[in-house]
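S.K.:
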Amino acid sequence: MNDILLSFLDSEPFVMVRRRIFRQLIQSLIYEGMIHPEQRSGKGGDVLILPGRDREDNRVEYHFRATRTFSFERICLSSDPVKRVIHGEEKEAESLTTFLYEIAPFIHASEAKLSLFIDEINQTLLKDTIAQCYKREQPAEQVVDYDELEGDIMDGHLYHPCYKSRIGFTLKDHTEFGPEFKPRLTLVWVAIQREEARLSVSHTLDYASFIQQELGADYEKFMKVIQGHGKRPEDYVIVPVHPWQWRHVIMHEFFEQIQSKRMICLGEGTDEYRPQQSIRTLANASSRTKSYVKLPLSITNTSTSRILGQHTIINAARISDWLGKIMESDSYLREELRLVLLKEVMGVSYHHQGLVDVMEQKVYGVLGAIWRESLYKYLEPGETAIPFNALCHLNADKRPFIDSWIQQAGLRKWLKRMFEISVLPLIHLLYAHGVAMESHAQNMILIMREGIPERIALKDFHDGIRYSPAVMSTSIGYPQIEYPSANHPRINRNSFIEKEDPSEIKDFLHDAFFFINLSEFALFLKKHYRLSEQDFWEMVADVIAGYQQRFSHLRERFYLFDLFTKTIEVEQLTKRRLFDDTGVRVHAVKNPLYMFQTKLTEIRKEVKA
95 MNDILLSFLD SEPFVMVRRR IFRQLIQSLI YEGMIHPEQR SGKGGDVLIL PGRDREDNRV
155 EYHFRATRTF SFERICLSSD PVKRVIHGEE KEAESLTTFL YEIAPFIHAS EAKLSLFIDE
215 INQTLLKDTI AQCYKREQPA EQVVDYDELE GDIMDGHLYH PCYKSRIGFT LKDHTEFGPE
275 FKPRLTLVWV AIQREEARLS VSHTLDYASF IQQELGADYE KFMKVIQGHG KRPEDYVIVP
335 VHPWQWRHVI MHEFFEQIQS KRMICLGEGT DEYRPQQSIR TLANASSRTK SYVKLPLSIT
395 NTSTSRILGQ HTIINAARIS DWLGKIMESD SYLREELRLV LLKEVMGVSY HHQGLVDVME
455 QKVYGVLGAI WRESLYKYLE PGETAIPFNA LCHLNADKRP FIDSWIQQAG LRKWLKRMFE
515 ISVLPLIHLL YAHGVAMESH AQNMILIMRE GIPERIALKD FHDGIRYSPA VMSTSIGYPQ
575 IEYPSANHPR INRNSFIEKE DPSEIKDFLH DAFFFINLSE FALFLKKHYR LSEQDFWEMV
635 ADVIAGYQQR FSHLRERFYL FDLFTKTIEV EQLTKRRLFD DTGVRVHAVK NPLYMFQTKL
695 TEIRKEVKA
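This note's numbering puts the first residue of the sequence shown at 95, with every later residue one more than the last.
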């Protein structure tokens, strides 16, 4: 692996990835208000300058060009390399570590935080370089199968600079378990005594029948293993473990439970699984109508721990059942939009609360699983599916993945349909039911028919929705969720499903869908199809205005969850990593929909009347 890595360091992808990280890093630092570049006239236009100090306390400057976009006023650096200037000599900036240390006096982050952040940045550089080099070696082909696409869409987060850090994975682990390499994994299965496990099952299924169906012939084999240890199978629940997690965490932290037979290793299963973009969610490659399995990994990626908190596992089936009831009660969602909810039907978690606090902290969220319905159970003949972030994907020939569809249907016609099938379900859930979905990136799936967007599927509900009991407008009520344990805020302070302020519900949707998904797509279309951002957002506004005209009886809710406010609050993803995570870090940014609020004039007159 070391010899291969050395060859990668001299490759074109290494330079390409480094430049990308520089762009995303500087963009986020400026956007989140941590640095304030000077502006100076230069050859070919204005140049932005970031001052710094080198080890000898000499002044250093970093030069680049950038624009502020219409889409949430995001910062967009040009494709030109960032230049480092010292003693009048200008060269391309080649070290992300040096850059961060030299501008550190102007950021005011602690040395400890900065060091951790630099590690994430550098791990992203190495791991994405390896992935890009691997991709170049593969035959170029247009993939349209959803599960296959989950391995092909390898760009990661297009805003966060640490988009592929995977802290905890070695470079060998990265190639063995990363979705870009399309590995096929077999899971390790363990049996946990019922007294030491928490189980949450959808009201639509039975635990024993479901686990037998998922395991197939392995079920009887595993039951015999339990009996071979002199134990009764009915006294245990079965849970899969990611092979990396078993090797690096479970064997070391649970050896006492294994030795005492409170936990029994059942061996590897027969079915093969393939990691999706999120790494810890696995698709069954042996039988694709079987459930996806989401498993904890004790790694950090995109600055977030990838364990599974017990409360999220327990809430998964409860929230899915509740959303299912909303669907059943709403003919617009069910029959007209034909929304697909990939329900999380079962969850198992190790019951760590019985341990002493020090031990509980060590094993919190490291052992458990969530089973999610397969998309293929819902696809009708002639339908295909793509993750939403495939819209910004380029094929090996650098042509947009969506280009043939755009050319066939026409850009505006195709785009209008895409907005209708993606925006309408989300705003209806918000306005009619008071529910906001975290539908960013791959959490939204576009279902296509002959290249035309037909409908959407949504997923990842256990920690990916927000609502406020105070403003719920459904007779169904709200799910009886389990709240985070005392240890959870040490891992993730943003994991709170219930909110008191309705504006937080609206901003949650804005941040995930409009800010992440749509603004990236707006910038992509501007670059590749010369569609102005203003035209893009006006089309979005037209869809929302049309909805409000049709559902005018919800007009009070349009004010309560006003999507056309002048500003919205979005997370400061980079700042959160560089400073103490004492709470949710957000900042107010200009809303591109605000410019088009006049489209709602007549509707708002009705409200005042």
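Ideal placement from N, C-alpha and C gives every residue a C-beta, glycine not left out.
No experiment lies behind these values; they were computed from the predicted model shown.
On a Cα-Cα basis, can you pick out the residue from 158, 167, 458, 213 that is closest to residue 186?
M.R.: The shortest Cα separation from residue 186 among 158, 167, 458, 213 belongs to 158.
S.K.: Let me know if residue 383 comes out buried or exposed under the rule of 16 or more other beta-carbons within 10 Å of its beta-carbon.
M.R.: Residue 383 is exposed by the Cβ-count criterion.
S.K.: If you drop the 5 nearest sequence neighbours on each side, which residues of the same chain put their C-beta closer than 6 Å to that of residue 585?
M.R.: Note that residue 585 scores a pLDDT of 49, beneath 50, so its modelled location is shaky and nothing firm can be said.
S.K.: Should the stretch 556-567 be regarded as contacting the stretch 684-695, the criterion being three or more beta carbon pairs within less than 8 Å?
M.R.: Segments in contact, no.
S.K.: Is the stretch 633-648 close to the stretch 215-234, with three or more CB pairs under 8 Å?
M.R.: Output reads no: the stretch 215-234 does not touch the stretch 633-648.
S.K.: To the nearest whole angstrom, what separates the beta carbons of residue 603 and residue 689, a pair I think is in contact under 8 Å?
M.R.: Their Cβ separation, rounded to whole angstroms, is 19 Å, which puts residue 603 and residue 689 out of contact at 8 Å.
S.K.: Starting from the N-terminal side, write out each stretch of the beta strand (DSSP E) that is 3 residues or longer and does not extend beyond the stretch 459-494.
M.R.: Qualifying beta strand (DSSP E) stretches, in chain order: 462-466, 477-481.
S.K.: Can you find the residues in the same chain that come closer than 7 Å, C-beta to C-beta, to residue 613, ignoring five residues on each side of it along the sequence?
M.R.: Same-chain partners within the cutoff: 165, 166, 168.
S.K.: Under 8 Å between the Cβ atoms of residue 222 and residue 261?
M.R.: No.
S.K.: Could you tell me the alpha carbon to alpha carbon distance between residue 331 and residue 283, rounded to whole angstroms?
M.R.: If I take the Cα positions, the gap works out to 10 Å.
S.K.: For residue 147, which residues of its own chain have a beta-carbon under 7 Å away from its beta-carbon, when the five flanking residues on both sides are left out?
M.R.: Correct list, in chain order: 153, 154, 196, 199.
S.K.: Note down the Cα distance separating residue 403 from residue 180, rounded to an integer number of angstroms.
M.R.: One C-alpha to the other measures close to 48 Å.
S.K.: Can you tell me the Cβ-Cβ gap for residue 256 and residue 218, rounded? I've got them flagged as a contact below 8 Å.
M.R.: Between residue 218 and residue 256 the Cβ distance is about 5 Å, and since that is below 8 Å, they are a contact.
S.K.: My guess is that residue 462 and residue 390 are in contact by the Cβ rule of under 8 Å, so how many angstroms apart are they, rounded?
M.R.: Indeed they touch by this definition, with Cβ atoms about 6 Å apart.
S.K.: Assign residue 288 to one of two classes, buried (16 or more other C-beta atoms within 10 Å of its C-beta) or exposed (fewer than that).
M.R.: Exposed is the call here.
S.K.: Which class does residue 585 belong to by DSSP, given the choice of helix, strand or coil?
M.R.: Per-residue confidence for residue 585 stands at a pLDDT of 49, beneath the threshold of 50, marking its modelled position as unreliable; no derived number is given.
S.K.: Does DSSP classify residue 121 as helix, strand or coil?
M.R.: If DSSP states are grouped into helix, strand and coil, residue 121 belongs with the helices.
S.K.: For residue 601 and residue 527, I'd like the C-alpha separation in whole angstroms.
M.R.: Roughly 16 Å between the two C-alpha positions.
S.K.: Are the CB atoms of residue 410 and residue 47 within a distance shorter than 8 Å?
M.R.: Any answer about residue 47 is impossible in this case: the structure gives the chain only from 95 up to 703.
S.K.: Round the Cβ separation of residue 540 and residue 482 to the nearest angstrom and send it over; I've been treating them as touching at under 8 Å.
M.R.: With 8 Å as the limit, residue 540 and residue 482 qualify as a contact, their Cβ atoms being about 6 Å apart.
S.K.: In terms of residue numbering, what span does the beta strand (DSSP E) encompassing residue 136 cover?
M.R.: Residues 132-136.
S.K.: Taking the beta carbon of residue 484 as the centre, do at least 16 other beta carbons fall within 10 Å, making it buried, or is it exposed?
M.R.: The residue is buried, with at least 16 neighbouring Cβ atoms inside 10 Å.
S.K.: With contact counted as at least three CB pairs below 8 Å, one residue from each stretch, are the stretch 418-429 and the stretch 346-365 in contact?
M.R.: Verdict: no, contact absent.
S.K.: Pairs of beta-carbons, one from the stretch 533-552 and one from the stretch 513-521, closer than 8 Å: are there three or more?
M.R.: The answer is yes - the stretch 513-521 touches the stretch 533-552, with three or more Cβ pairs under 8 Å.
S.K.: Which of helix, strand or coil does DSSP assign to residue 170?
M.R.: Strand.
S.K.: Would you identify the three-state DSSP class for residue 113, choosing helix, strand or coil?
M.R.: Helix, per DSSP.
S.K.: What are the start and end residues of the alpha helix (DSSP H) that includes residue 216?
M.R.: It spans 205-231 - the alpha helix (DSSP H) in which residue 216 sits, taken as one unbroken run.
S.K.: Checking 8 Å against the spacing of the C-beta atoms, do residue 414 and residue 555 come in under that value?
M.R.: Yes, these two residues count as a Cβ contact at 8 Å.
S.K.: Since residue 109 and residue 293 should fall inside the 8 Å C-beta cutoff, what is the C-beta to C-beta distance between them, to a whole number of angstroms?
M.R.: Their Cβ separation, rounded to whole angstroms, is 50 Å, which puts residue 109 and residue 293 out of contact at 8 Å.
S.K.: Taking Cβ to Cβ, would you say residue 591 is nearer than 8 Å to residue 570?
M.R.: No. Outside cutoff.
S.K.: Consult DSSP for residue 443 and reduce its assignment to one of helix, strand or coil.
M.R.: Residue 443: strand per DSSP, three-state reduction.
S.K.: Can you check which of these residues, 505, 276, 599, 525, is closest to residue 663 by C-alpha distance?
M.R.: Of the listed residues, the one whose Cα sits closest to residue 663 is 599.
S.K.: Assign residue 394 to buried or exposed, taking buried as 16 or more other Cβ atoms, counted over all protein chains shown, within 10 Å of its Cβ.
M.R.: That one is buried.
S.K.: List the residues that DSSP assigns as beta-bridge partners of residue 387.
M.R.: Beta-bridge pairing links residue 387 to 376, 465.
S.K.: Would you report the Cα separation of residue 145 and residue 245, rounded to the nearest angstrom?
M.R.: So the alpha carbons of these two residues sit roughly 40 Å apart.
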